[in-house]
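*Asks:* Pasting a structure here, questions to come.
Chains as they are written, first to last, in the UniProt record's numbering: chain A, 1 to 507; chain B, 1 to 258.
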């Protein structure tokens with residue numbers, strides 16, 4: 001009788017423990033309760049329950065702890081301070097898969113807040129334990145372990161290096177091949193986080209054959225997976241020419257261009273980021289992308305999206321045009337300049353405008369043909385306006401001034417230059433006048449146009465210091481025209497005429 | 001005798017004095033005469049030597065003249081050869097420059113700055129861009145249509161499931177159902193669905209074991225593929241299952257309504 005009674009006591013205690021832990025786990029899933037749970041001292045309560053005999057209580061306690069730590073970094077720090085991590089790591093090796101999932105969840109929740117917490121996780125051997133989890137059969141365990149490793153590696157290069165040293169990368173590449181979609185996503189995202197820091201880490205990822213598998217997944221219909229795949233490929237290719245070439249050799253390009261019409265906007269953004277990272281290294285790589293029709297797709301993408309999503313596409317156009325004048329001509333042919341003009345007028349953020357101004361400068365500075373394309377899109381007055389605007393940030397002003405100067409130095413399209421004679425600061429004016437002085441001596445129709453449009457008049461009104469470059473150019477232009485015309489347009493000529501009239505005595 | 005002796009003595013004395021006088025004179029003049037003799041001899045020797053030198057000189061001049069002429073002519077011949085060589089080289093170089101000029105112009109125009117290649121490349125690029133744009137548009141269109149199709153299938157399945165759950169709202173002869181209000185000109189589509197839904201009493205057998213083909217005309221699905229996976233819609237055709245499905249034991253007689 002008393003034996004059953006005693007056993008009943010223990011069973012009751014176990015039931016109440018289970019109930020407590022389950023309720024805490026449920027409460028912890030809602031953010032508003034967490035404050036109160038913390039004040040009630042839930043951390044110290046959960047800690048002994050994690051060492052409980054019954055496995056399901058352990059698992060639920062770990063799950064509750066994970067949810068708490070996920071929510072705020074104070075709680076995560078409390079987890080670290082209470083020395084829960086070492087016992088968690090220790091038991092990771094021995095327990096069943098639900099416990100492993102919950103423990104990996106706790107490690108992830110702790111590591112995500114800051115590099116110091118991740119360092120604490122690494123210091124108690126968390127990384128090795130997680131890598132062991134990656135060898136399990138159960139996909140849920142692998143996903144939790146990969147996610148935790150991803151959060152650890154995200155913070156800085158040292159932590160990524162410790163993840164790589166534990167041998168995580170080959171296992172992650174194997175995870176990429178698993179059929180479960182969530183596991184593939186997480187594996188791709190972790191590889192992306194590892195390879196983003198330094199070229200050596202990216203090289204390690206590439207050496208395990210990641211690129212081929214990532215390339216195969218490009219045509220997968222799942223949007224989130226594609227986001228991560230493109231992000232991983234762009235982080236790999238951004239470091240050096242050889243890595244970018246390896247990414248290109250995987251023949252992703254005609255397929256990736258098709259993904260530029262994906263309904264998910266982050267997929268499109270990541271594709272353009274990948275293109276930008278590849279294009280910025282050498283002209284040959286840019287040539288590959290231009291040849292498979294990437295330009296047209298990117299420019300259409302620019303037309304369809306707004307805001308910060310445009311930035312990688314704009315920078316990609318700038319990088320392509322910067323390499324050579326052939327590529328810049330390709331950008332112009334693909335109707336890039338009107339699109340960039342639209343971007344400039346529609347966007348309000350200064351850093352996007354600065355990037356657009358830079359790209360325009362890169363396109364226009366090669367030859368007079370390119371400068372003419374820029375001038376006919378009425379971009380020169382816009383750039384001037386950006387430069388003169390007092391509200392523009394310094395970066396924007398500097399970039400628009402540089403772009404304006406570089407385009408002006410090659411521009412021979414006079415109708416485009418005319419509006420720039422009015423209300424410009426003298427450092428821009430001297431370039432404009434210089435261009436006029438180069439073209440006018442040779443072209444009579446241009447001279448006629450210059451006079452009739454009022455340009456000569458405006459020119460006379462410019463006051464320049466004698467002997468300065470500006471004065472020399474003005475003199476050069478004046479010498480292209482007959483003296484009477486120059487005198488006619490010089491300011492104060494009407495007074496001179498009237499004076500002559502007064503002094504005139506009819507014979 | 002004495003006089004001759006005296007004369008001889010005086011002559012001897014005179015002779016002595018003369019002899020002494022002449023010796024002393026000679027002594028005095030010896031220096032001068034010696035000097036004079038030396039001078040004459042030296043002058044004569046000098047003349048001899050000068051004559052010899054001038055002879056030698058003339059001969060040396062002749063030799064040098066001949067030698068210089070020889071050397072100069074040799075040098076001149078050399079200079080002529082060199083000048084000829086230089087002229088030849090200039091000619092060759094000029095010809096080589098012409099060849100190189102032509103070649104470089106050709107090479108640059110063909111391989112480095114090929115205008116026509118660039119033009120055709122840009123044209124090709126333009127066409128390729130157009131092509132890519134069109135293909136991407138088509139692809140997008142296709143994908144959009146697929147997605148819309150899937151959406152519609154999902155919606156329709158959901159509606160049919162709802163009708164299955166709401167089968168009890170079907171209107172009877174006595175009492176019009178919720179969806180068949182007398183104030184409406186025609187019954188609501190839910191009413192049509194309800195009429196078409198076949199009620200099955202819940203059996204322990206999973207309804208997925210019954211393979212039913214559906215020929216239901218979807219009311220608002222024009223581009224339907226027509227295969228709904230729902231097992232609840234009545235068929236106008238006979239059920240073509242691979243094996244005969246036995247009715248569940250103990251089920252009530254099912255009401256089949258149109």
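Think of the CB as a built atom: it goes at the ideal place given N, C-alpha and C, for glycine as much as any other residue.
Keep in mind the model is a prediction, meaning the values are calculated, not measured.
For residue 132 of chain B, go through chain A and note every residue whose CB falls closer than 7 Å to its CB, in chain order.
*Replies:* Counting from one through the second chain, the residue named residue 132 of chain B turns up at place 132. Result: 257, 293, 296, 297.
*Asks:* Output needed for residue 21 of chain A: all residues of its chain with C-beta closer than 8 Å, excluding positions within five of it in sequence on either side, in chain order.
*Replies:* Residue numbering aside, residue 21 of chain A sits at position 21 when the first chain is read from its first letter. Counting only Cβ-Cβ distances below 8 Å, and skipping sequence neighbours, we find 46, 49, 57, 60, 61, 64.
*Asks:* I'd like to check one pair, residue 144 of chain A with residue 104 of chain A: are the Cβ atoms closer than 8 Å?
*Replies:* Reading the first chain from its first residue, position 104 is the one you call residue 104 of chain A. Reading the first chain from its first residue, position 144 is the one you call residue 144 of chain A. In contact: residue 104 of chain A and residue 144 of chain A (Cβ atoms closer than 8 Å).
*Asks:* Which residue marks the beginning of the alpha helix (DSSP H) containing residue 284 of chain B, and which one marks its end?
*Replies:* Any answer about residue 284 of chain B is impossible in this case: the structure gives chain B only from 1 up to 258.
*Asks:* Would you kindly report the start and end of the unbroken alpha helix (DSSP H) that includes residue 166 of chain A?
*Replies:* For the purposes of this step, residue 166 of chain A is taken as residue 166 along the first chain, with counting starting at 1. Here residue 166 of chain A belongs to no alpha helix (DSSP H), and DSSP marks it neither H nor E.
*Asks:* Within 8 Å (strictly less), CB to CB, does residue 334 of chain A reach chain B?
*Replies:* By one-based count along the first chain, residue 334 of chain A stands at place 334. True, the Cβ-Cβ gap to chain B drops below 8 Å.
*Asks:* According to DSSP, is residue 267 of chain A helix, strand or coil?
*Replies:* One-based indexing of the first chain puts residue 267 of chain A at position 267. Taken through DSSP and simplified to helix, strand or coil, residue 267 of chain A comes out as helix.
*Asks:* Give me the Cα-Cα distance between residue 428 of chain A and residue 475 of chain A, rounded to the nearest whole angstrom.
*Replies:* In the first chain, the residue the question calls residue 428 of chain A occupies position 428. In the first chain, the residue the question calls residue 475 of chain A occupies position 475. Rounded to the nearest whole angstrom, the CA to CA distance from residue 428 of chain A to residue 475 of chain A is 18 Å.
*Asks:* Please check the pair residue 350 of chain A and residue 396 of chain A, which I expect to be a contact at CB under 8 Å, by giving their CB distance rounded to whole angstroms.
*Replies:* As a first step, residue 350 of chain A must be located in the first chain, where it is residue number 350. As a first step, residue 396 of chain A must be located in the first chain, where it is residue number 396. The Cβ separation is near 5 Å, so the contact holds.
*Asks:* Jot down the residue ranges of each uninterrupted alpha helix (DSSP H) in the segment 419-445 of chain A, minimum 4 residues, whole runs only, in chain order.
*Replies:* 426-439
*Asks:* Taking beta-carbon pairs under 7 Å, can you tell me which members of the segment 189-223 of chain A lie near chain B?
*Replies:* So the list is empty, because no residue satisfies the distance condition.
*Asks:* So which residues of chain A does residue 128 of chain B contact, with C-beta pairs closer than 7 Å?
*Replies:* In the second chain, counting from the first residue as 1, residue 128 of chain B sits at position 128. Here the neighbours are 293.
*Asks:* Any beta-carbon of chain A closer than 8 Å to the one on residue 109 of chain B?
*Replies:* Here residue 109 of chain B refers to the residue found at position 109 when the second chain is read from its first residue. Chain A contact via Cβ: absent.
*Asks:* On the CB-based measure, 16 or more other CB atoms within 10 Å of its CB, does residue 505 of chain A come out buried or exposed?
*Replies:* For the purposes of this step, residue 505 of chain A is taken as the residue at position 505 of the first chain. Looking at its Cβ environment, which holds fewer than 16 other Cβ atoms inside 10 Å, residue 505 of chain A is exposed.
*Asks:* Touch check for the segment 189-207 of chain A and the segment 233-250 of chain A: three-plus C-beta pairs under 8 Å?
*Replies:* Here the segment 189-207 of chain A makes contact with the segment 233-250 of chain A; the two share three or more CB pairs at distances below 8 Å.
*Asks:* Report buried or exposed for residue 228 of chain A, applying the criterion of at least 16 other Cβ atoms within 10 angstroms of its Cβ.
*Replies:* Position 228 of the first chain, counting from 1, holds the residue named residue 228 of chain A. Buried, by the Cβ-count rule.
*Asks:* Within a Cβ cutoff of 7 Å, which residues of the same chain sit near residue 220 of chain B, ignoring the five residues on either side of it in sequence?
*Replies:* Along the second chain, one-based indexing puts residue 220 of chain B at 220. Low local confidence applies: a pLDDT of 38 at residue 220 of chain B is under 50, so the model's placement there is unreliable, and no value is given.
*Asks:* Over the uninterrupted alpha helix (DSSP H) stretch that includes residue 118 of chain A, give me the two end residues.
*Replies:* For the purposes of this step, residue 118 of chain A is taken as residue 118 along the first chain, with counting starting at 1. First-last of the alpha helix (DSSP H) with residue 118 of chain A: 115-123.
*Asks:* Please list the residues of the segment 139-157 of chain B that have a C-beta atom closer than 7 Å to any C-beta atom in chain A, keeping them in chain order.
*Replies:* 139, 140
*Asks:* Who are the neighbours of residue 330 of chain A on chain B, taking C-beta pairs under 8 Å?
*Replies:* On the first chain, residue 330 of chain A is found 330 positions in, with the first residue counted as 1. Result: 122, 125.
*Asks:* Excluding the 5 residues preceding and the 5 following residue 4 of chain A in the sequence, name in chain order all residues of the same chain whose CB lies nearer than 6 Å to its CB.
*Replies:* Reading the first chain from its first residue, position 4 is the one you call residue 4 of chain A. Counting only Cβ-Cβ distances below 6 Å, and skipping sequence neighbours, we find nothing.
*Asks:* Please tell me whether residue 290 of chain A has its Cβ less than 8 Å away from any Cβ of chain B.
*Replies:* Numbered from 1 along the first chain, position 290 holds the residue referred to as residue 290 of chain A. Yes, contact with chain B.
*Asks:* Residue 136 of chain B CB to nearest chain A CB: under 8 Å?
*Replies:* Stepping through the second chain from its first residue, residue 136 of chain B is reached at position 136. Yes, residue 136 of chain B counts as interfacial toward chain A.
*Asks:* How is the alpha helix (DSSP H) around residue 415 of chain A delimited, first residue to last?
*Replies:* Within the first chain, the letter at position 415 stands for residue 415 of chain A. Its alpha helix (DSSP H) spans residues 414-417.
*Asks:* Hey, how far is the Cα of residue 297 of chain A from the Cα of residue 142 of chain B?
*Replies:* Here the question's residue 297 of chain A lines up with position 297 in the first chain. Here the question's residue 142 of chain B lines up with position 142 in the second chain. So the two alpha carbons sit approximately 17 Å from each other.
*Asks:* CB-CB under 6 Å to residue 198 of chain A, same chain, minus the five flanking residues each way: which ones, in chain order?
*Replies:* Within the first chain, residue 198 of chain A is the residue found at index 198, counting from 1. Counting only Cβ-Cβ distances below 6 Å, and skipping sequence neighbours, we find 157.
*Asks:* With a threshold of 8 Å between beta-carbons, can residue 83 of chain A be considered close to chain B, or not?
*Replies:* By 1-based counting over the first chain, the position of residue 83 of chain A is 83. No, residue 83 of chain A lies away from the interface with chain B (no Cβ there is under 8 Å from its Cβ).
*Asks:* Could you name the residues of chain B that residue 185 of chain A contacts, counting a contact when the two beta carbons are closer than 9 Å?
*Replies:* Taking the first residue of the first chain as 1, we reach residue 185 of chain A at position 185. None at all; the shortest Cβ gap to chain B is about 20 Å.
*Asks:* How big is the Cα-Cα spacing for residue 78 of chain A and residue 185 of chain A?
*Replies:* Along the first chain, one-based indexing puts residue 78 of chain A at 78. Along the first chain, one-based indexing puts residue 185 of chain A at 185. Taking the straight line joining both Cα atoms gives about 30 Å.
*Asks:* On a Cα-Cα basis, can you pick out the residue from A:155, A:151, A:470, A:99 that is closest to residue 426 of chain A?
*Replies:* On the first chain, residue 426 of chain A is found 426 positions in, with the first residue counted as 1. Nearest C-alpha to residue 426 of chain A: A:470.
*Asks:* Relative to the C-alpha of residue 149 of chain A, which candidate in A:404, A:183, A:177 has its C-alpha closest?
*Replies:* Counting from one through the first chain, the residue named residue 149 of chain A turns up at place 149. Answer by Cα proximity: A:183.
*Asks:* Is the shortest distance between the beta-carbon of residue 261 of chain A and the beta-carbons of chain B less than 8 Å?
*Replies:* Taking the first chain and counting its residues from 1, one reaches residue 261 of chain A at position 261. Closer than 8 Å: yes.
*Asks:* In the segment 311-342 of chain A, which residue ranges form an unbroken alpha helix (DSSP H) of at least 4 residues, counting only runs that do not cross its ends?
*Replies:* 311-323, 325-333
*Asks:* Quick one: what's got a C-beta closer than 7 Å to residue 491 of chain A's C-beta in the same chain, skipping five residues either side?
*Replies:* The sequence position of residue 491 of chain A within the first chain is 491, counting from 1. Leaving aside the five residues that flank residue 491 of chain A on each side, the residues in its chain whose CB is nearer than 7 Å to its CB run, in chain order, 460, 461.
*Asks:* Below 8 Å between beta carbons is the criterion; list the residues of the segment 306-330 of chain A that meet it against any residue of chain B, in chain order.
*Replies:* 326, 329, 330
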